[in-house]
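Numbering-wise, the sequence shown is residues 0 to 488 according to numbering that gives the first Met the number 0. Here a beta-carbon is modelled for each residue, glycine too, at the ideal position from N, C-alpha and C. Model, not experiment: these values are computed from the prediction.
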Amino acid sequence: MRGKEMINYLSTRDTAASPTEYSFEDAVLTGLAPDGGLLLPDVRTIPQFGTGDLPSLKDIAHLASDYPTLYALIVTQFARPSFSKDELQNLAESAFSDQNFPDTNGNPVPVEEVIKNVFVQNLSLGPTAAFKDMALQPLGRMMEELLARRDRKLTILGATSGDTGSAAEAALKGLANVNLFMLSPKDGMSPFQRAQMGMLSGGNIINISVNGDFDACQDLVKEIVGMDEFKDIGAVNSINWGRIVSQIPYYVSGYFQAVGENIGEVVDFIVPSGNFGNALAGFYAKQMGLPIGNIVVATNENDVLNTFFETGKYKRPPGRAQITTSPSMDITKASNLERLLYYLFAQDSTRSTQFLQQFSSTGQVDIQDFGRTTEDLRAIGFASSRATSQQSSETIKTVYDITDGTIILDPHTAVGMHAALAGPRDRKAIVLETALPVKFEATIQDALGMVPQRPPRFANLEQHSPDDAFMSIEPVAEELAKIIRRFRS
Ligand SMILES: *Cc1c(COP(=O)(O)O)cnc(C)c1O
0 MRGKEMINYL STRDTAASPT EYSFEDAVLT GLAPDGGLLL PDVRTIPQFG
50 TGDLPSLKDI AHLASDYPTL YALIVTQFAR PSFSKDELQN LAESAFSDQN
100 FPDTNGNPVP VEEVIKNVFV QNLSLGPTAA FKDMALQPLG RMMEELLARR
150 DRKLTILGAT SGDTGSAAEA ALKGLANVNL FMLSPKDGMS PFQRAQMGML
200 SGGNIINISV NGDFDACQDL VKEIVGMDEF KDIGAVNSIN WGRIVSQIPY
250 YVSGYFQAVG ENIGEVVDFI VPSGNFGNAL AGFYAKQMGL PIGNIVVATN
300 ENDVLNTFFE TGKYKRPPGR AQITTSPSMD ITKASNLERL LYYLFAQDST
350 RSTQFLQQFS STGQVDIQDF GRTTEDLRAI GFASSRATSQ QSSETIKTVY
400 DITDGTIILD PHTAVGMHAA LAGPRDRKAI VLETALPVKF EATIQDALGM
450 VPQRPPRFAN LEQHSPDDAF MSIEPVAEEL AKIIRRFRS
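If you want it as structure tokens, here you go:
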């Protein structure tokens with residue numbers, strides 16, 4: 000692989016003539032850059048697969064048990080000099096161990112064919128049954144290692160409407176140098192998700208239930224990190240580059256599992272999307288030279304991304320996000336789009352910043368007014384789709400029927416599968432599975448008239464969660480600030 004000695008990380012909002020260069024370590028340990036931007040690699044330093052690389056990667060990807068090796072090979076290209084390949088290999092072996100990914104026979108990211116040319120890649124076989132484990136498990140280990148080297152402690156503040164909370168807590172639980180404060184809305188999470196978080200409360204994991212909705216939780220995070228006293232707070236949502244980079248390897252593995260010996264065959268990926276972190280990782284895989292045709296950004300009724308990729312218009316919908324059966328995709332603003340815009344405008348941060356400013360002041364902005372077209376979006380590989388809760392539910396049923404009951408999709412994955420089954424397919428498509436259906440029993444009950452069988456490790460989950468697992472606050476920043484101060488002192 001052709002990579003540089005060191006990748007330069009830049010901030011999407013740095014408009015200086017010679018922008019500040021950040022390291023991988025900065026990109027993992029800081030939430031936002033000091034100017035409020037997101038850190039990302041300088042496009043000129045993105046590593047490229049050479050012609051000889053794909054066959055040797057194939058050998059590794061085909062050795063299913065070698066996902067940690069594949070992970071280390073790819074991520075080290077972005078992580079030098081903070082991490083060597085051997086360090087990442089050790090870290091990945093622990094993150095993707097049999098203990099963390101039980102019942103996977105050594106391949107934590109298996110691909111299955113649903114019907115001819117349509118595949119699903121399972122990414123939720125980890126500790127919390129959501130694909131977020133794929134990135135958070137290694138990220139927690141990276142953070143701990145970097146902090147231990149510098150004898151530093153890190154406070155992390157996050158907000159969750161479901162899967163981020165438990166995946167981050169499972170990854171950071173018990174770490175000596177990290178405290179995690181996780182905000183969640185009082186109502187809205189499934190009982191399964193709430194119990195998962197409740198079980199992890201205690202020690203360095205502080206669960207806080209906010210008397211408000213998810214937007215209120217996110218507003219609180221913004222307010223706190225905007226305070227001088229808390230400007231060193233870190234993040235575990237997908238504004239953290241460590242999340243994005245850790246999602247590239249499974250695209251590579253999925254690709255080789257789907258094409259077999261036919262290296263070079265072009266494959267589409269269909270990605271159930273919310274904050275646009277997962278799909279962005281696919282964009283990097285394609286930029287590196289993996290033969291991906293389209294990255295299809297699949298949305299539910301909260302379709303700001305679908306509108307953007309279809310029309311070039313980025314529009315804030317009136318009011319709050321609609322409530323759907325795929326709650327992890329119920330967003331009105333996709334944070335990671337900022338990273339894509341930066342590349343779309345050829346790293347001209349003045350233009351991408353103006354674009355975002357117009358969005359925040361007027362709620363509507365069009366790439367055509369900034370010298371770009373929807374063809375430009377196609378040219379870098381993006382397509383999009385939309386499915387309603389009704390269509391997601393019908394897709395769960397269809398896939399259940401055509402696979403004789405062997406595959407039960409979760410409602411998020413079904414939003415992606417809807418796009419895969421919508422028209423004739425002349426090339427292979429891989430739908431990324433983002434959660435196990437057991438997390439959404441009520442929706443599966445509605446679609447199939449029964450609930451999916453729980454893996455034994457989740458049996459009776461709800462009974463284990465202590466009642467006092469969550470602290471409760473009103474959506475007032477000072478209440479939260481007090482709690483954080485108390486734990487930090
Ligand atoms: C987080 C999540 C998504 C959205 O992923 P993004 O990277 O934010 O686009 C989709 N489905 C499930 C189940 C999730 O937990």
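Please report how far the alpha carbon of S83 lies from the alpha carbon of G281, in whole angstroms. By one-based count along the sequence shown, residue 83 stands at place 84. By one-based count along the sequence shown, residue 281 stands at place 282. Their backbone Cα atoms lie some 23 angstroms apart in a straight line.
Three-state secondary structure (DSSP) at R385? Mapped onto the sequence shown, residue 385 falls at position 386. Looking at R385 - three-state DSSP - the assignment turns out to be strand.
Quick one: what's V108 bridged to in DSSP? Translated into positions along the sequence shown, residue 108 becomes position 109. Looking at the DSSP assignment, V108 forms no beta bridge with any residue, so it has no partner.
Other residues of its chain near A78: CB distance less than 6 angstroms, five sequence neighbours each side excluded: By 1-based counting over the sequence shown, the position of residue 78 is 79. Answer for A78: F23, listed in chain order.
Looking only at C-alpha atoms, which of S17, A428, K481 sits nearest to Q256? Residue numbering aside, residue 256 sits at position 257 when the sequence shown is read from its first letter. Comparing Cα-Cα distances from Q256 to each of S17, A428, K481, the minimum goes to A428.
When you measure from the CB of P271 to every non-hydrogen atom of ligand 1, does any distance come out below 7 angstroms? On the sequence shown, residue 271 is found 272 positions in, with the first residue counted as 1. P271 Cβ: within cutoff of ligand 1.
Which of the three DSSP states is assigned to V113 in this structure? One-based indexing of the sequence shown puts residue 113 at position 114. Strand, per DSSP.
For G139, count neighbouring C-beta atoms within 10 Å of its own C-beta (all shown protein chains included) and say buried if the count is 16 or more, exposed if not. Translated into positions along the sequence shown, residue 139 becomes position 140. G139 is buried by the Cβ-count criterion.
Taking Cβ positions, are P248 and L69 nearer each other than 8 angstroms? By 1-based counting over the sequence shown, the position of residue 248 is 249. By 1-based counting over the sequence shown, the position of residue 69 is 70. Contact: yes.
Measure the Cβ-Cβ separation of L420 and V117 and say whether it is below 8 angstroms. Sequence index remark: in the sequence shown, residue 420 carries index 421 (1-based). Sequence index remark: in the sequence shown, residue 117 carries index 118 (1-based). Cβ distance < 8 angstroms, so L420 and V117 count as in contact.
Beta carbon of F358: closer than 7 angstroms to some heavy atom of ligand 1? The residue given as residue 358 occupies position 359 in the sequence shown. It does not: the Cβ of F358 is nowhere closer than 7 angstroms to a heavy atom of ligand 1.
Consider the C-beta atom of M328 and the heavy atoms of ligand 1; say whether any pair is separated by less than 7 angstroms. Residue numbering aside, residue 328 sits at position 329 when the sequence shown is read from its first letter. Short note on M328: C-beta closer than 7 angstroms to some heavy atom of ligand 1.
I need the straight-line Cα distance from Y513 to D41, nearest angstrom please. With the chain running from 0 to 488 in the structure shown, residue 513 is simply not present.
M142 lies in the alpha helix (DSSP H); which residues open and close that run? Along the sequence shown, one-based indexing puts residue 142 at 143. From DSSP, the alpha helix (DSSP H) with M142 extends over 131-149.
Does the Cβ of S383 lie closer than 7 angstroms to at least one heavy atom of ligand 1? Sequence index remark: in the sequence shown, residue 383 carries index 384 (1-based). No, the beta carbon of S383 sits no closer than 7 angstroms to any heavy atom of ligand 1.
According to DSSP, simplified to helix, strand and coil, what is K285? In the sequence shown, counting from the first residue as 1, residue 285 sits at position 286. Of the three classes helix, strand and coil, the one that applies to K285 here is helix, per DSSP.
S237: beta carbon under 7 angstroms from a heavy atom of ligand 1? Translated into the one-based positions of the sequence shown, residue 237 becomes position 238. The answer is yes for S237.
Quick one: what's got a C-beta closer than 6 angstroms to P410's C-beta in the same chain, skipping five residues either side? In the sequence shown, the residue the question calls residue 410 occupies position 411. Cβ within range, chain order: T324, S325, S391, F439, T442.
Can you find the residues in the same chain that come closer than 6 angstroms, C-beta to C-beta, to D132, ignoring five residues on each side of it along the sequence? Numbered from its first residue, the sequence shown carries residue 132 at position 133. Here the set comprises G125, P126, A166.
Heavy atom of ligand 1 less than 7 angstroms from the Cβ of G404, yes or no? Counting from one through the sequence shown, the residue named residue 404 turns up at place 405. No; taking the cut-off as 7 angstroms, the Cβ of G404 has no heavy atom of ligand 1 nearer than that.
Tell me the rounded alpha-carbon separation between A468 and L339. Reading the sequence shown from its first residue, position 469 is the one you call residue 468. Reading the sequence shown from its first residue, position 340 is the one you call residue 339. About 38 angstroms.
Between the C-alpha atoms of E286 and G318, what's the straight-line distance to the nearest angstrom? Counting from 1 along the sequence shown, the entry for residue 286 is found at position 287. Counting from 1 along the sequence shown, the entry for residue 318 is found at position 319. Correcting the residue type first, residue 286 is Gln in the shown sequence and not Glu. So the alpha carbons of these two residues sit roughly 36 angstroms apart.
Nearest-angstrom Cα distance between F457 and S123? Here residue 457 refers to the residue found at position 458 when the sequence shown is read from its first residue. Here residue 123 refers to the residue found at position 124 when the sequence shown is read from its first residue. The alpha-carbon atoms of F457 and S123 are separated by roughly 13 angstroms.
Would you please state the rounded distance, in angstroms, between the beta carbons of G415 and P271? I believe it to be under 8 angstroms. Position 416 of the sequence shown holds residue 415. Position 272 of the sequence shown holds residue 271. That belief holds up - the Cβ atoms of G415 and P271 are roughly 4 angstroms apart, short of 8 angstroms.
Chain-order list of residues whose beta-carbon lies under 8 angstroms from that of M328 (same chain, five-residue window excluded): Position 329 of the sequence shown, counted from the first residue, corresponds to residue 328. So the qualifying residues of the chain are P271, S272, G273, T298, N299, N301, H411, V414.
Quick one: residues in its chain with C-beta nearer than 6 angstroms to the C-beta of N305, no 5 flanking neighbours on either side, listed in chain order? By 1-based counting over the sequence shown, the position of residue 305 is 306. The answer, listed in chain order, is T298, S383, R385.
Just checking: is the beta-carbon of Q357 within a distance shorter than 8 angstroms of some beta-carbon in chain D? Note that chain D does not occur in the displayed structure, where there is just one protein chain.
Take V430 and list the residues in its own chain whose beta-carbon comes closer than 6 angstroms to its own, dropping the five residues that flank it on each side. As a first step, residue 430 must be located in the sequence shown, where it is residue number 431. For V430, where only same-chain residues beyond five positions count, the Cβ hits under 6 angstroms are V119, I269, G415, M416, A419.
Checking the sheet assignment: what are the DSSP bridge partners for Y21? Taking the sequence shown and counting its residues from 1, one reaches residue 21 at position 22. DSSP lists Y8 as partners of Y21.
Label P33 either buried or exposed according to how many other C-beta atoms from any shown protein chain fall within 10 Å of its C-beta, with 16 as the threshold for buried. By 1-based counting over the sequence shown, the position of residue 33 is 34. Exposed is the call here.
Closer than 7 angstroms to a non-hydrogen atom of ligand 1 - does that hold for the CB of T75? In the sequence shown, counting from the first residue as 1, residue 75 sits at position 76. For ligand 1, not one heavy atom lies less than 7 angstroms from the Cβ of T75.
Please confirm if the region 96-113 is in contact with the region 370-380, defined as three or more CB-CB distances below 8 angstroms between the two stretches. Short answer: they don't touch.
Among the candidates V265, I472, I366, whose CA atom is the shortest distance from the CA of L336? Here residue 336 refers to the residue found at position 337 of the sequence shown. Cα-wise, what sits closest to L336 is I366.
So, with DSSP's three-state summary, where would you put G197? Indexing the sequence shown from 1 puts residue 197 at position 198. Residue state, collapsed to three classes: helix.
If I'm right that V265 touches G292 with Cβ under 8 angstroms, what's the distance once you round it to whole angstroms? Here residue 265 is taken as the residue at index 266 of the sequence shown, counted from 1. Here residue 292 is taken as the residue at index 293 of the sequence shown, counted from 1. That belief holds up - the Cβ atoms of V265 and G292 are roughly 4 angstroms apart, short of 8 angstroms.
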